[in-house]
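Student:
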Amino acid sequence: MFSNDQNIETIGQLVDVLKHYAGLQKEYIKLGTVEKTVRILTAIAMTVILGLLLVFVLVFLSFAIAFALGPTLGQVAAFSIVSGFHFLIFLLFIVFRKQWIERPLVRFLSKLLLS
């Protein structure tokens, strides 16, 4: 049954088509991986840039508030109030880190990697 030349040629063509298909699938997986890697790196870069800008704004705003409160409360008290406010924000981030940081990050990465 398989000794027929036409069957052998058909099987050879099928093997060639399967090899080509496997190569295309490999290329498709590479492109998908590159796309997702670029998306993740872009998101990281944007987060770092926006985070640094936010830090600079908060530092200058903190100094402005402390110096504005300085004449009425005294410089030490004004800077202590501002640093106490920063410490309160830090504690809030520690307490709510799962809701504010971990869950959104997991959601973002799972949506990105599983799409």
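According to this note's numbering, the sequence shown is numbered sequentially starting from 924. C-beta atoms are modelled at their ideal positions from N, C-alpha and C, and glycine is treated no differently.
Could you tell me the alpha carbon to alpha carbon distance between Phe1013 and Leu977, rounded to whole angstroms?
Tutor: Roughly 15 Å separates the two Cα atoms.
Student: Could you tell me the alpha carbon to alpha carbon distance between Pro1027 and Ser1006, rounded to whole angstroms?
Tutor: Roughly 28 Å separates the two Cα atoms.
Student: With a CB to CB cut of under 6 Å and the five nearest residues on each side skipped, what residues in its chain are close to Phe1002?
Tutor: If we look at Phe1002 and ignore the five residues flanking it on each side, its Cβ neighbours are Ala989.
Student: From the DSSP output, in three-state form, read off Asn891 for me.
Tutor: This structure gives no information on residue 891, because the portion of the chain shown stretches from 924 to 1038.
Student: Roughly how many whole angstroms lie between the Cα atoms of Leu984 and Gly974?
Tutor: In a straight line, the C-alpha of Leu984 is about 15 Å away from that of Gly974.
Student: On the three-state DSSP scale, how would you describe Gly1031?
Tutor: Residue 1031 is actually Phe in this sequence, not Gly. Here Phe1031 sits in helix by DSSP.
Student: Taking 7 Å as the cut-off, decide whether the C-beta atoms of Leu1036 and Lys959 are in contact.
Tutor: Yes, they are a contact pair.
Student: In whole angstroms, what is the alpha-carbon distance linking Ala987 and Phe1010?
Tutor: If I take the Cα positions, the gap works out to 18 Å.
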